[in-house]
Structure formats: structure tokens, C-alpha cells
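Worksheet: one structure, shown below.
In my numbering, the protein residues as written are 4 to 941.
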């Protein structure tokens, strides 16, 4: 296997050498500039107008926002034919062809004409719609979604149709998870959207733009590689693009609650620098930590969950406060600096600690081939997670034909925690006690991750022949130390059993990837691409178990439960794709051939097992269609396939007995799996009626999926779980949103729908159980908005049902209903009122978990000083002290309901101060920049 990785390293170095040799010294292409001024019909300058320079295919070349005197300056533009587009809210869009010869160009003043109708001699400018769809970008106007004083971006996102934020802070919009939040087209704390969502003030935001961002390889080549991600771009309000600005607030409340936050930024042309800091114990995690939860480390197992457990999809309405009471502290800074049109730098550093205090009541029904059992229990968890990270991104364009991107990242995490639990299991048919247990565990984990990426492209001729190379190398080192004390009684024993053990784990992983692409123009708008990709990983893990000696020190090595394991995964992929760009469509189709090889080596109880190697071959077509028959309308289809490897924990052939009631055994015969993914979206925006419609669908079918098999002993309540490959796991999702501004421009309707159908398979005591689940979530909202008043009435319905092929596995359907009302009212003399009332009720849950709640929040604020820069706010949360946090999860093995502790009722007094020193200015507001490298416009 070392020889195998040696060959892989040679291939990787060869690709790097080939790419380097393909960069001959060619003449530099000259770059020019375009400048001008935007004004209204009274020749007054328009600050904040969006200026876009489009290539002949409609793709964005570059763009800026006009400064306070209406001026704009587009730099670094090569000679050619373009389209200049200028837009501003309330004005008709200006579009004009533009030819840039061999010199810079200064345009005559450009006048925008106001939209609207004339009624009895008075001009009425139309109110902006909630949502505008521009090609593949969904644009939400932040001013139409009023937030409370001191709100952050996450509070704004929660109000957007089609958007959800789950209990972990993950953002989903139209069925796609948001992987990155950008600010004015610039990367902002790369890879961690929670930082911007939970720390940036919502009042700074003018627009929330949602769009799909290609991977670097796809952007440089012009061909999709299936690795795109959905991102949010936040545009800052006009007038706050150049200068120093920020917001600071602090709050203290009852029940010892507190909050403090600082956001300080300096923007100057293309340069941005931000400092963010926060401190609170109100469940606002200001960043993503890389440490695992203590009860997921593999040292111990809770009820039915653990490091190898499969929680599956949950039913019911999303829950809040799912992590108990969270105290979060963080400090970070973000930098974007343009040294020249050829060299740009992005960097950020961040450090913080999340402390969790969580109490959970659990109920779990275990499916059997005949009958069922029910586990119930209570657990407490206290954990301190420290995270530190830094990354850098350097973009270099030595000439107009070449682009290189260098991106290193380093992250460190530490997690120390204590976990206790008590459980009991009953046989459902007789209500007889099967077992009871209690567990105490202490854990300490250290995680170090490092990643290095290098992406580059070189255009080899004017027709579009292009060479691209993308490489990635990653390392991860994880060390864990856990001590657990377990007491168990079951009906098959006459006495209680006690187990004490210390377990040390160490996992070291390396991964590498290289992708070489060649784009060849074929004429008449056709392009082809040939790719070769090499991807591999090696993971080594050791697990050392120790029993106590006569002095209670853990010094006696337990060979039976100690092991060493290594796995190697290597794939070769060759792909051929054809691309055709028409006036209204962009179509790419291709075929990939992928060979995957996985090898495993294990040492258990000092005995070396025979190494195992398995090889698979997969064929997968690729397809991407973007059809835009007219402005504001787009149909999008994407299909791609991807292989995945089993983890060391799924492969290791040694029992994990840290919880005697749940024993895990790996399977060295596992094969790599393969996913088929299809995503579609239809979007339409009607300008005249201010109507937006977006529909999406997704489907996934998995070949050789890795699932759990369960052997359950009814007499003792012990479950043994191992792993196998299976076909037939699949999921389907359909949904979308619709918004309509009603006549009179005061009311608007917002409708959203999210629906999922899933099928999963497992084996229980040797018999196959096929589970099919249906989850529906529908929302309807009515918004009323005039000057000083913003009110929203919103209703929701959730439905969840699952059926199983095993007759004994029965799960009743659950229904959740909600009705909410929010109001923000601006009063004279700087006062403002805010209120939220939500009624929820649920049916179909286990006894004691059906809920009927009324949540009330209310606040009064007073703003003062020049420009109302200072605000004092008093707000009460959960005034009726009725909030509950209940979550249901159903898999092919079991049905689980959990209820966690919540913040409860409290009041808080805030002081908010906004400071700024603006000088107007502009910066790029559209993140989809298209550089010269790669094929010319298709």
C-alpha cells in the first residue's frame, strides 16, 4: 500500500510539473478603465447605483456601486465589446452597448428615469418587491423584512421565504445548505457562515442575494464539476461602502442572562477590514466549532445514539434551544485587500469557546421482528469547546491569460466534557423491566486540521483553449481520552454489573486530490473538456483500553478492546464533457468513469489480520442545463455522481463496548458507495406585478449505501450493531416559495413549501426493514407595511409519517400547527415597539410530548443622539415561560423523541450604539466575477 501511495504521489508531482511547464511567457494583454457619472432627471448625483459591465454572453465582467457624487470607475478591463447596465431602486434600468478600444474611456453623464405612475399630478414611486429573481440569483430586499433593534443577520434570514435555520445554526434556502456568506462580493470568514449570520447587524444590509457558486476548478474552466455550493452575498446599504462603521451593544437581564457584541469595519474601495466580537449566554453561537459533542466521541453511548449512530431525518416542526443552554465567546477579524488588479488577498483569524449545559429527557421505541421495546432516560452534559482557526487566500493574475489561487487553512479544537445518564428499558407487550443503567463519563479531545489548495488556469489561445489544474492536500490529527463508569442491571443477571475503563484514541488522516482539465474549442459555440482526477486518503487509528489496577489507576491494558487500524482509499476518474452556449440556454453533458479502491489493515488484541482490498467501477453521466427564455425566468437542471468511502469506525473489526447495551462492530468487507444526485429549479419574476415564484426539486439514489444491521437480545435489552452495503436508499424533495405584492402596495403574501420523501433500509435480527417517511411543512404569511408600521401574520403546518415493512414497527403520524404574529411600530420622539406572539400545538407524539404553547416576546426601545445612533431597549422573552424543545427522529431501527432544557423566561435591558465615519464610495456588489482565464464567453 505504501507503493500504491508512492505511485499516487509521483502522479501528483507529475501533474504539477506538467502545469508549470504549460505556462510559457506570453505577451501581456493590456488593461483599460471605464469611468462615468450617474444622475437623476434633475441632474442630482445618485449614490449607490449598481453599475455592471457585461460580456457578450451576459456574464458579469466587473461591477461597482456609485460614490456619493454619482461617479463610478471600472478598472482592469481588456479591449472588446460589452454591455453597460446601470440600475437603482425606483428607477428604470439603463442598458447600452459599449465598445472599448485600445484606450481608457470616460463616458458622458448617464441619466436614470424614475419608475411609477402619475396620479393627479403626484408621482408615486412603486414600492420594491420582497424578492426579485435575476437569472440564477434570488435577491431579497432587506428593508421589506423588518427586524428588531439590535438584530443580527440570522434574524433577518429567518424572515425570508424559503429560508430556515435549524437548531445547530445551519442555514437552508430552497432546499440547499448555505456554505458561505459573503459581504459585497468579498469572502467573509471563509467556510463559516455562522460568523456573519450571528454577528453582523441586520440594519447594515440592503439586499440578501442567494446564488450557486462554482468551485474554483469549474469557474476557471467554464465547465461544472458537481462541486458547486450555495452562498449568500450581503450587500451593504448605499453610503456605507467607504469609511469606518460599526455597532456595539451590551445587555444584562434577569436569570443572570447577558449579551455583548462588537462589529467594527473599515471599507475603502476594494479593501475591507472587520473585527467581530461577542459574549453571551443566550444560545447565540457566534461561530462553528470543530470539536465533536462529548457523547459522539466513541467513549460512551447515550440512548440509541453515538459516534456510529444514524439519527436519520427528524419529524415535526424545527425545534429551538436544542442544545440546552449555550454560553458563547468569540473574537475574530477578516481582511480583504487588493494590492493591484493582479493581486488580491483574503485572510481571517478567529478564536472562541462554546460552553454547553444540556439536560435531555429521552424516549425511544426499538423495532423488533416481533414486538418492540421502549427505552426512557435522562442525561446531563457539560462541555467546553475551544476553537481557533485561520485561513488565507491569495489570488494572482500575472497576466490576462493566467490565474493562480493559493489557499491554506489551519484549525485547532479542544473539547472537555462530562456526561451522565440514567436509562431503563421495558418490554412493550408486558411492561416488564428488561434493564436499567447509569453512566458517568469524562472526556478530553484535541483536533488539528490543515488544508492546502492550489488552483490555476492558463488560456493557451484566443479561441479558448485552456489548461486548468486544481490540487488539494489535507491533514487531520485527533486525540481523545475518556474515562467512564458504568453500572448495569438486566433481568438475565442476579447482580448488578459495574464497568470502569479508560480509553485513549488517536486518529491521523491525510487526503490529497489533483484534477487536470483541458478545454478545447470546437467552433460554432461548442466546447469540449477532458479531465483526469486523482483522489486518495489514508487514515490510521489506534484505540487503547485500560482497566483500573489495585490503586484505581487505569494502568492495566485491555488487549481485547484495543486495536490499531488503517484504511486507504484511492479513486481515478476520467471525464469527457461537451458544452453548448446558445442565446437562451447553456447546456453541458458528459460522462465520467471512476475506479475506486479501498484497502484495510487491522491489528486486534495483538494479532494482525489479513489485509483486504476491494475495487469498484462506476459510470455516471453529468448534466447541467440553464435555460433563460427571458429576463427574470430560469430553468435549471443539474445531475452529478460521487463516490464515498466507509469510515475507519465502520471498518474496524473490533467491538466498541463503552456502553454494554450497545455494542458496535466494524466490517472490513464494506465497499465504497456511490451517490446519484439530481437537482432542478424553476424561477420566475414578474416585474409589473412584483410577483416571485421559485420551485425546486432534488432526488438522490445511493448504490452500495452503508447501513447499520442490528441484533437485539430481548432478554437483556442489548443491541449489537454492525455495517453492510445495501441498494435502495433514496430521497426526494419538492418545494418552493411564492410572493405577491397586492394592489395598493401595502400588503404582500408569502407562501413557502418544503416536502421530503425518503426510503431507507436496515436489518433487525436478520430480517430486512424498509422504512419510508414523508415530511411536509407548509407556511403562509401576510405582511402589512406602511411608514412606521410593519406587521406579519404567519401560519404553519407540519406533518410527519413513516411506514415500515416489519409489521411490528409502527409509528403514528405527527402533526404540528403554528400561528404567529410579529409587529414593529415606530412611535414619535424616537420610541419604537416590537412584539412577537406564537401559538403552537402538536398531535401524535408519545404520551407527555404533545405540546400546546403560547410564546410571547415584547420590547420597547428609545433611540436618541444625532442620527439616532444610540438606543436603549427593554425586552422580555418567553413571557409566559411556556417554551419547550421537543424533537422526533425516526429511522429504520427506532423512533426517538427528545426534550431538552430551554432558556425560559427572562427580561433584558440593552444599550446599542452605532458609530460611523463615511465618505460615500463604492465597491463591487456582485460576487460572480468572471476573470479572463478559462474559455472566452461561450
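Glycine included, each C-beta is placed from N, C-alpha and C at the ideal position. Given the structure is predicted, the values throughout are model-derived calculations rather than measurements.
Do you know offhand how far residue 681's Cα is from residue 173's?
Position 678 of the chain shown, counting from 1, holds the residue named residue 681. Position 170 of the chain shown, counting from 1, holds the residue named residue 173. Approximately 22 angstroms, taken between the alpha carbons.
Should the segment 379 to 392 be regarded as contacting the segment 348 to 357, the criterion being three or more beta carbon pairs within less than 8 angstroms?
In short, these stretches touch, since the Cβ pair count reaches three.
Going straight from the alpha carbon of residue 405 to that of residue 411, what length do you get?
Your numbering for residue 405 matches position 402 in the chain shown. Your numbering for residue 411 matches position 408 in the chain shown. Using only the alpha carbons, I get a separation of about 20 angstroms.
Between which residues of its own chain and residue 802 is the CB-CB distance below 6 angstroms, once the five residues before and five after are set aside?
By 1-based counting over the chain shown, the position of residue 802 is 799. Contacts found: 779 and 818.
What does a CB cutoff of less than 7 angstroms around residue 125 pick up in its chain, not counting 5 residues either side in sequence?
Translated into the one-based positions of the chain shown, residue 125 becomes position 122. The pLDDT assigned to residue 125 is 33, lower than 50, so where the model puts this residue is not dependable; a value taken from the coordinates is nonetheless given after this. Nothing meets the Cβ criterion.
Evaluate the contact criterion for the segment 912 to 920 versus the segment 886 to 893: three or more CB pairs, one atom per stretch, below 8 angstroms.
Segments in contact, no.
Straight-line CA distance for residue 45 to residue 101?
Mapped onto the chain shown, residue 45 falls at position 42. Mapped onto the chain shown, residue 101 falls at position 98. Their Cα atoms are separated by approximately 25 angstroms.
Taking 8 angstroms as the threshold (C-beta atoms), are residue 41 and residue 56 in contact?
On the chain shown, position 53 is the one that residue 56 refers to. On the chain shown, position 38 is the one that residue 41 refers to. No, the Cβ-Cβ distance between residue 56 and residue 41 is not below 8 angstroms.
Can you grab the Cα-Cα spacing for the pair residue 191 / residue 235, in whole Å?
As a working note, residue 191 is residue 188 in the chain shown. As a working note, residue 235 is residue 232 in the chain shown. Straight-line Cα distance between these residues: approximately 11 angstroms.
Taking the straight line between their C-alpha atoms, what separation do you get for residue 233 and residue 371?
Position 230 of the chain shown holds residue 233. Position 368 of the chain shown holds residue 371. Answer to the nearest angstrom: the Cα atoms are 41 angstroms apart.
Should residue 894 and residue 774 be called a contact, given that it needs their Cβ atoms to be closer than 8 angstroms?
Here the question's residue 894 lines up with position 891 in the chain shown. Here the question's residue 774 lines up with position 771 in the chain shown. A contact, by the Cβ cut-off of 8 angstroms.
Hey, could you find the ends of the beta strand (DSSP E) residue 80 is sitting in?
Here residue 80 is taken as the residue at index 77 of the chain shown, counted from 1. Residues 74 to 80.
Determine the DSSP secondary structure at residue 835, reduced to helix, strand or coil.
Here residue 835 corresponds to residue number 832 of the chain shown, with the count starting at 1. In this structure, residue 835 counts as strand in the three-state DSSP scheme.
With a Cβ-Cβ cutoff of 8 angstroms, do residue 826 and residue 864 count as a contact?
Here residue 826 is taken as the residue at index 823 of the chain shown, counted from 1. Here residue 864 is taken as the residue at index 861 of the chain shown, counted from 1. Cβ distance not < 8 angstroms, so residue 826 and residue 864 don't count as in contact.
Drop a sphere of 10 angstroms on the beta-carbon of residue 72, count the other beta-carbons inside from all chains shown, and report buried for 16 or more, exposed for fewer.
To locate residue 72, count along the chain shown from 1; it is residue 69. Counting Cβ neighbours within 10 Å, residue 72 comes out exposed, since fewer than 16 surround it.
Could you name the residues of the same chain whose beta carbon sits closer than 7 angstroms to that of residue 30, not counting the 5 residues immediately before and after it, in chain order?
Position 27 of the chain shown, counted from the first residue, corresponds to residue 30. Bear in mind that a pLDDT of 37 at residue 30, under 50, signals an unreliable position, so the model cannot answer this.
For residue 588, count neighbouring C-beta atoms within 10 Å of its own C-beta (all shown protein chains included) and say buried if the count is 16 or more, exposed if not.
Position 585 of the chain shown, counting from 1, holds the residue named residue 588. Residue 588 comes out exposed.
I want to know whether the segment 636 to 656 touches the segment 568 to 578 - three or more CB-CB distances under 8 angstroms.
Yes, since at least three Cβ pairs between the segment 636 to 656 and the segment 568 to 578 fall closer than 8 angstroms, the two stretches touch.
Using DSSP with H/G/I as helix, E/B as strand and the rest coil, what is residue 496?
Along the chain shown, read from residue 1 onward, the residue named residue 496 stands at position 493. Here residue 496 sits in coil by DSSP.
Answer yes or no: does any C-beta atom of chain B fall closer than 8 angstroms to that of residue 255?
In summary, chain B is missing from the structure at hand, where a single protein chain is found.
Find out if the Cβ-Cβ distance for the pair residue 429, residue 363 is shorter than 8 angstroms.
As a first step, residue 429 must be located in the chain shown, where it is residue number 426. As a first step, residue 363 must be located in the chain shown, where it is residue number 360. The answer is no: Cβ separation not under 8 angstroms.
Skipping 5 residues on each side, what residues in its chain have a beta carbon closer than 6 angstroms to that of residue 399?
In the chain shown, counting from the first residue as 1, residue 399 sits at position 396. The residues are 346 and 407.
For the beta strand (DSSP E) containing residue 567, list its first residue and its last residue.
In the chain shown, counting from the first residue as 1, residue 567 sits at position 564. Run containing residue 567: 557 to 584, per the beta strand (DSSP E) assignment.
Could you please give me the residues that DSSP links to residue 286 through a beta bridge?
In the chain shown, residue 286 corresponds to position 283, counting from 1. Bridge partners of residue 286: none, in fact.
Compare the beta carbon distance of residue 367 and residue 378 with 8 angstroms and say whether it is the shorter of the two.
Start at 1 with the first residue of the chain shown, and residue 367 comes out as number 364. Start at 1 with the first residue of the chain shown, and residue 378 comes out as number 375. Against a cut-off of 8 angstroms, the Cβ pair of residue 378 and residue 367 comes out as a contact.
Could you give the uninterrupted runs of the alpha helix (DSSP H) lying entirely in the segment 153 to 221, keeping only those of 4 residues or more?
Correct list: 156 to 160 and 196 to 202.
Please report the distance separating the alpha-carbon of residue 692 from that of residue 208.
The count along the chain shown starts at 1 and reaches residue 692 at position 689. The count along the chain shown starts at 1 and reaches residue 208 at position 205. In a straight line, the C-alpha of residue 692 is about 25 angstroms away from that of residue 208.
By the three-class DSSP mapping on this structure, what secondary structure does residue 718 have?
Residue numbering aside, residue 718 sits at position 715 when the chain shown is read from its first letter. If DSSP states are grouped into helix, strand and coil, residue 718 belongs with coil.
So the candidates are 151, 145, 154 and 169; which of them puts its Cα closest to the Cα of residue 163?
As a position in the chain shown, residue 163 is number 160, starting the count at 1. If we check each option's Cα against that of residue 163, 145 comes out closest.
Can you give me the Cβ contacts of residue 142 inside the same chain, cut-off strictly under 6 angstroms, excluding the 5 residues immediately before and after it?
Numbered from 1 along the chain shown, position 139 holds the residue referred to as residue 142. Counting only Cβ-Cβ distances below 6 angstroms, and skipping sequence neighbours, we find 135, 210 and 212.
Confirm, please, whether the CB-CB distance from residue 806 to residue 765 is below 8 angstroms.
Residue mapping note: residue 765 aligns to position 762 of the chain shown, counting from 1. Residue mapping note: residue 806 aligns to position 803 of the chain shown, counting from 1. For residue 765 and residue 806, no; Cβs fall outside 8 angstroms.
If you count every other CB in all the chains shown that lies within 10 Å of the CB of residue 596, and 16 or more means buried, which is it?
Walking along the chain shown from the start, residue 596 turns up at place 593. Burial call: exposed.
Can you tell me whether DSSP reads residue 434 as helix, strand or coil?
Residue numbering aside, residue 434 sits at position 431 when the chain shown is read from its first letter. Of the three classes helix, strand and coil, the one that applies to residue 434 here is coil, per DSSP.
Can you tell me which of 74, 36 and 871 puts its alpha carbon nearest to the alpha carbon of residue 83?
Along the chain shown, read from residue 1 onward, the residue named residue 83 stands at position 80. Checking every option, the nearest Cα to that of residue 83 belongs to 36.
Would you check if the segment 441 to 458 and the segment 477 to 486 touch, i.e. whether three or more CB-CB distances between them fall below 8 angstroms?
Yes: the two stretches touch, three or more of their Cβ pairs being nearer than 8 angstroms.
Where does residue 694 land, buried or exposed, given buried means 16+ other C-beta within 10 angstroms?
For the purposes of this step, residue 694 is taken as the residue at position 691 of the chain shown. Residue 694 should be labelled buried.
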